[in-house]
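Taken in order, these protein sequences are the chains called A and B.
Under our numbering, the first residue of the first sequence carries the number 45, and numbering increases by one thereafter.
Under our numbering, the first residue of the second sequence carries the number 47, and numbering increases by one thereafter.
Think of the CB as a built atom: it goes at the ideal place given N, C-alpha and C, for glycine as much as any other residue.
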Amino acid sequence: MRRGSAVPWVAAYAGLVALPLLLALVRPLPPGRGFLVEFGVGLGFVGLAMLWLQFALTARFRNVAASLGLDTMLQFHGQAGVVAIAFALAHPVVLLASEPAFVEFLDPRVSAARALALIALIGALLLLALLTFKRRPLGIPYEWWRLTHAVLAFGVVFLGTVHVLRVGYYISVPWKQALWVAAGLAAVGLLVHTRVVRPQLLRRRPYRVSSVTAERGNAWTVALEPVDHEGMTFTAGQFVWLTLGDSPYSLQQHPFSFSSSARDSGRLGVTIKALGDYTASVGEVQPGTNAYLEGPYGAFTFPSDAPSGVFIAGGVGITPIMSILRTMRDDDDRRPVTLIYGTSELQRTLFADEIATLRATLRLDVLHVFERPHAGWDGPTGWITRELLERALPPADSDYHALICGPDPMMDIAEATLRRNGVPLSRMRSERFNIV
Amino acid sequence: MRHVHARRTVLALAAAFVLLAALFAWLRGSTGF
């Protein structure tokens, strides 16, 4: 699956954000109120429109996600959210600065309900940003954050839309009111679709954990079998959102890459490293546990028209690449591939034995990089650096496609080095794991 | 690389939206549109 151009989607996004402002310019128009007041109003309209669209960005529409990449969309959601909140907060600031009489909106003596609602709205906006950026330092569990994020987001668009309708300066005619109500309902509808309707659909296609196998490096491979349906077809390198347990409504839904071959759709495998968070107890998952899979997602795939490949993996970033290598084995795919794989030490190197076996069947060159080399190791040590990559990369004119997956610093170095070596973005795909 | 692009895109959009709000304010507040 190749990533398409982002330009049409960005243009559509910009057009939708501009729509409330354009709508406000359709006659009949109220009297203008000076540049600063109208600027404050304009910022408010833009902010609310961006907040509505936040719901579309996380709705995981397969066709949009396929062309842009879900990780990119979630990054955009996070960054656009900051901008949207800034616009929404600038709205009262600019209005109060230009016309202090607007303070009556926040004065409970004038209208207690209005003042409370607007103060709650401002508080909710600040809280949304605070909880998102300070979730880890504050020690808030992911599932609680996810719940509060949805509740706060719902509160913000609800109060914001009601605020616009109640003020009604630019929305005095019924058809404009109807459009605003429709936009607000659409945003809420997207939230309901993502959080209620989709889990309900997943319930019809349950999976069962068939085995949990310990791997090197404190990782576990969870094998999943479809229950009374044909399973899922995916392209090697893609990932799913996995929920373990009895209910697809669990807030513990996380993205994991498939590690199994894409030719084995009846027995799907994801490999999960047990870190200090929700993954810590993955080794205790019992066979027979129910599972729900949403996906597949992701554009981190090895294109069929690529003449050769350079795969750069760090630690558990080997997971989607393992799926690609196993699929190449099953397809008898003889395209030459170089794997550059950085890990802490051999004993903790995920899939080390199978990769050694695959060298015999595939046209696969493997360059291990160990942070702590074992006795007798005469290969590269330390981290994957620019110097190491420049020595190991094939000449750029060999038209290889590069796949990069691992920790952020490694990916930054790998992407920059590939660019410097003349590899265009069209021949480079990355997957970042820390998307949520 | 992609994440850098996302950030640049958001910054460019934010700048465009500020200009759009200013255009709206100029039309409504200054020209009497």
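Annotation: the region 355-423 of chain A contains the following complete segments of the alpha helix (DSSP H) (minimum length 4 residues), in chain order: 362-375 and 396-405. DSSP, read as helix, strand or coil, puts P270 (chain A) in strand. Setting aside the 5 residues that flank it on each side, G310 (chain A) is surrounded in the same chain by G275, each with a C-beta closer than 6 Å to its C-beta; the list follows chain order. Per DSSP, H445 (chain A) is not a residue of any alpha helix (DSSP H); the beta strand (DSSP E) it occupies stretches across H445 to C449. Between I428 (chain A) and M454 (chain A), the C-beta gap is smaller than 7 Å, which places the two residues in contact. Residue-level contact by beta carbon fails for T461 (chain A) and chain B, as no gap is shorter than 7 Å.
Against chain A, a Cβ distance below 8 Å from L59 (chain B) picks out V54, Y57, A58, V61, A124 and V127. Restricting attention to A:G125, A:E431, A:N107 and A:I368, the CA atom closest to the CA of Y341 (chain A) is found in A:N107. Under the 10 Å beta carbon count, Q119 (chain A) is surrounded by 16 or more other beta carbons and is classified as buried. Taken in chain order, the unbroken stretches of beta strand (DSSP E) that lie wholly in the region 199-261 of chain A and span 3 residues or more are 251-259.
What V81 (chain A) touches in chain B, judged by beta-carbon distance under 7 Å, is G75, going in chain order. Against chain A, the CB of L66 (chain B) has a partner CB under 7 Å away; the residue lies at that interface. In the DSSP assignment, E338 (chain A) forms a beta bridge with A:W285.
With its beta carbon at least 7 Å from every one in chain B, G353 (chain A) lies outside the interface. The DSSP-derived three-state label of Q98 (chain A) is helix.
Out of A:F131, A:S325, A:T192 and A:E148, the CA that lies nearest to the CA of A62 (chain B) is found in A:F131. Taking CB atoms only, F177 (chain A) has no neighbour in chain B less than 7 Å away. When only Cα atoms are considered, R403 (chain A) and L369 (chain A) end up about 10 Å apart. By DSSP's assignment, I316 (chain A) forms a beta bridge with A:W264. For M472 (chain A), the uninterrupted beta strand (DSSP E) segment begins and ends at M472 to E475. In the three-state scheme derived from DSSP, where H, G and I count as helix and E and B as strand, Q297 (chain A) is classed as strand. With contacts defined as CB atoms closer than 7 Å, V467 (chain A) and A440 (chain A) qualify as a contacting pair.
The residue from A:S474, A:R210 and A:E82 with its alpha-carbon nearest to that of A161 (chain A) is A:R210. With the rule of 3 Cβ pairs closer than 8 Å, the region 406-419 of chain A counts as touching the region 368-386 of chain A. Contact annotation: the region 392-399 of chain A touches the region 255-264 of chain A, with at least three C-beta pairs closer than 8 Å. Leaving aside the five residues that flank M472 (chain A) on each side, the residues in its chain whose CB is nearer than 6 Å to its CB run, in chain order, A446 and L462. R430 (chain A) counts as exposed, since fewer than 16 other C-beta atoms from the protein chains shown sit within 10 angstroms of its C-beta. It is roughly 19 Å from the alpha-carbon of L174 (chain A) to the alpha-carbon of F99 (chain A). Uninterrupted alpha helix (DSSP H) stretches at least 4 residues long and entirely within the region 145-177 of chain A occur at 156-177, given in chain order.
Per DSSP, the beta bridge partners of F302 (chain A) are A:V314. L69 (chain A) reaches chain B at F70, L73, R74 and F79, counting residues in chain order whose Cβ is nearer than 9 Å. Judged by beta-carbon spacing, S76 (chain B) lies beyond the 7 Å limit of F89 (chain A), meaning their Cβ atoms are not closer than that value. In this structure, the beta-carbon distance from L432 (chain A) to P424 (chain A) falls below 7 Å. Excluding the 5 residues flanking it on each side, S303 (chain A) has same chain C-beta neighbours closer than 7 Å at T265, G313, V314, T315, T363, M366 and S367, in chain order.
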